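Here it is as structure tokens:
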């Protein structure tokens, strides 16, 4: 089944969610790949401050998913998707005006919390609408997701020749258009009310008591720390290698990442699903993420084999990182739903991303600090060694969870979905 026929085989809500996700990532990645360079260049922030800004943006998104996921289960998926797009429009609009660290932190927090509103709702909506075809739906969803990552940086690069503020304004306009489109074109869908009315705290207790789910979320922190380096360590590496031309190299990083996913996602998912179950697929995908940084361990700067070789190592690491992310994502999303027992799916996604959000915040601060410290002591490869080690530890944790049967689906108590 090719991409077109696969896309057409899903119902209108799933197709709309996939198209919307392309637009969401188009607007987001027009701006975000160049944020670290803008903060380090025109605003003159230190690496630790850049790590703080990016960490706050991600924590306000990942860390606040618990709010967005809970509201999605209670209010319905569409209102949260629309509200998130409105807030991201505002957040990117604020970046047009921000010229200091506090202002950038506020704008970044707003864009992050926007994602906390719509991301759990989108994934829960897709899981409900796709039903037994969840794994295929999440794989195809990631093609559109990565398509936005591929197109966004190219559009953003063209706008960066004007300036960063023009790029931020254009990104805000994209989300304004998405807000209107989703408001009128996306059907409402929500889980049917439970037979016994429960409070928010009751729902949270259900999730907090799901030991297998919590252990899985903790094991997956490493995946997010490694994947996030496409926004932090890799663009900063590009800036070190090509000062003054880092925007072009950063765009190439996202083009390579997007092309790998768009061209290979469905093949990678089918190949993994045919040979292994979700647990082994996740473990092997994590190992791929870990080894992606090996080229940068060997060539951490341009002093060992020249700038061209160092740039090749950077783009090679990006490509392998993209393969690992493509391998992990559909199985990760499907496992969250399975471990939730198809109950309180939005809330489970919220908890899941809150847990990994804390890991991302700590990981970003540590990455920014270690990148500077490694350069000071003349051992820039130390950062990449640490990232490889994080991936190896996470892969081991997933292996042990799978061997103990803790990644097996929970007994299903399906949430009935109703459209209105």
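In my numbering, the protein residues as written are 158 to 577.
All C-beta atoms, glycine included, are put in the ideal place defined by N, C-alpha and C.
The structure presented is a predicted model; accordingly, all values stated were derived computationally and were not measured.
Report yes if the C-beta distance between residue 251 and residue 240 is below 7 Å; otherwise report no. Cβ atoms of residue 251 and residue 240: not closer than 7 Å.
If we ignore side chains and look at the alpha-carbon of each, how far apart do residue 324 and residue 317 end up? Spanning the two alpha carbons is a distance of roughly 6 Å.
Which parts of the segment 211–236 are runs of the alpha helix (DSSP H), unbroken and 4 residues or longer, counting only runs that do not cross its ends? For the segment 211–236, whole alpha helix (DSSP H) runs of length 4 or above, ordered along the chain, are 222–232.
For residue 560, collect the residues of the same chain with a Cβ closer than 6 Å to its Cβ; drop the 5 residues on either side in sequence, then sort them by chain order. Answer for residue 560: no residue qualifies.
Beta-carbon separation of residue 246 and residue 332 under 7 Å? Contact: yes.
Buried or exposed, going by whether 16 or more other CB atoms sit within 10 Å of the CB of residue 562? By the neighbour-count rule (16 or more Cβ atoms within 10 Å), residue 562 is not buried but exposed.
From this set, 184, 189, 276 and 538, which residue's C-alpha is nearest residue 236's C-alpha? Comparing Cα positions, the closest option is 276.
Buried or exposed: where does residue 422 fall if 16 or more other Cβ atoms within 10 Å of its Cβ makes it buried? Per the 10 Å Cβ criterion, buried.
Locate the alpha helix (DSSP H) running through residue 275, then write down its first and last residues. 258–287 is the span of the alpha helix (DSSP H), which, as asked, contains residue 275.
Taking contact to mean at least 3 C-beta pairs separated by less than 8 Å, is the segment 202–215 in contact with the segment 511–525? Segments in contact, yes.
DSSP-derived helix/strand/coil call for residue 377: Coil at residue 377, not helix or strand.
Inter-residue CB distance, residue 186 and residue 378 (contact presumed, cutoff 8 Å): In fact, because the Cβ distance is near 23 Å, the residues do not count as touching under 8 Å.
Check each candidate in 398, 314 and 296 and name the one with the smallest Cα separation from residue 463. Selected option, being the one with the closest Cα: 398.
Whether residue 446 touches residue 548 by CB criterion (7 Å): In this structure, residue 446 sits near residue 548, with a CB-CB distance shorter than 7 Å.
Please report the distance separating the alpha-carbon of residue 197 from that of residue 320. Distance between the alpha carbons of residue 197 and residue 320 is about 15 Å.
Nearest neighbour of residue 229, chosen from 443, 257, 439 and 504 [CA to CA]: Taking each of 443, 257, 439 and 504 in turn and checking the Cα distance to residue 229, the smallest one comes out for 504.
To the nearest whole angstrom, what separates the beta carbons of residue 514 and residue 218, a pair I think is in contact under 8 Å? That belief holds up - the Cβ atoms of residue 514 and residue 218 are roughly 7 Å apart, short of 8 Å.
Could you give the DSSP three-state label for residue 460: helix, strand or coil? Three-state DSSP puts residue 460 in coil, outside helix and strand.
Have a look at residue 368 and residue 557 and give me their C-alpha separation to the nearest angstrom. Taking the straight line joining both Cα atoms gives about 14 Å.
Nearest to residue 224 (by Cα), restricted to the options 532, 456, 480 and 501: Shortest Cα-Cα distance from residue 224 to any of 532, 456, 480 and 501 involves 501.
Burial state of residue 487, where buried means 16 or more other Cβ atoms lie within 10 Å: Result: buried.
For residue 508 and residue 285, the rounded distance between their alpha carbons: Roughly 18 Å between the two C-alpha positions.
Looking at residue 339 and residue 238, is the spacing between their C-beta atoms short of 7 Å? Yes, the Cβ-Cβ distance between residue 238 and residue 339 is below 7 Å.
What residue from 537, 430 and 466 has the CA that sits closest to residue 484's CA? Considering only alpha carbons, the answer is 430.
Using three-state DSSP, classify residue 203 as helix, strand or coil. Here residue 203 carries a coil assignment [DSSP, helix/strand/coil].
May I have the straight-line CA-CA distance separating residue 458 from residue 448, to the nearest angstrom? Using only the alpha carbons, I get a separation of about 18 Å.
Entirely enclosed alpha helix (DSSP H) segments - the segment 436–520, minimum 4 residues: Entirely contained in the segment 436–520, the alpha helix (DSSP H) runs reaching 4 residues are, in chain order, 451–455 and 464–496.
The alpha helix (DSSP H) with residue 546 in it runs from where to where? Residue 546 -> alpha helix (DSSP H) spans 538–560.
Backbone CA spacing between residue 336 and residue 546 [nearest angstrom]: Between the alpha carbons of residue 336 and residue 546 lies a gap of roughly 41 Å.
Specify the secondary structure class of residue 355 as computed by DSSP and reduced to three states. Coil at residue 355, not helix or strand.
Just to confirm before moving on: does the CB-CB distance between residue 301 and residue 178 stay below 7 Å? Taking a C-beta distance under 7 Å as the contact criterion, residue 301 and residue 178 qualify as a contact pair.
If you compare alpha carbons, which of 527, 472 and 257 is closest to residue 208? Ranking 527, 472 and 257 by CA distance to the CA of residue 208 puts 527 first.
Please list the terminal residues of the continuous alpha helix (DSSP H) segment that includes residue 433. Careful: residue 433 lies outside any alpha helix (DSSP H) and carries neither H nor E.
Using only alpha-carbon positions, find the residue among 244, 290 and 226 that is nearest to residue 167. Measuring from the Cα of residue 167, the nearest candidate turns out to be 290.
Where residue 564 sits in the DSSP three-state scheme: Coil, per DSSP.
Just to confirm, is the Cβ distance from residue 271 to residue 254 under 7 Å? Contact check for residue 271 against residue 254 fails: the beta carbons are separated by 7 Å or more.
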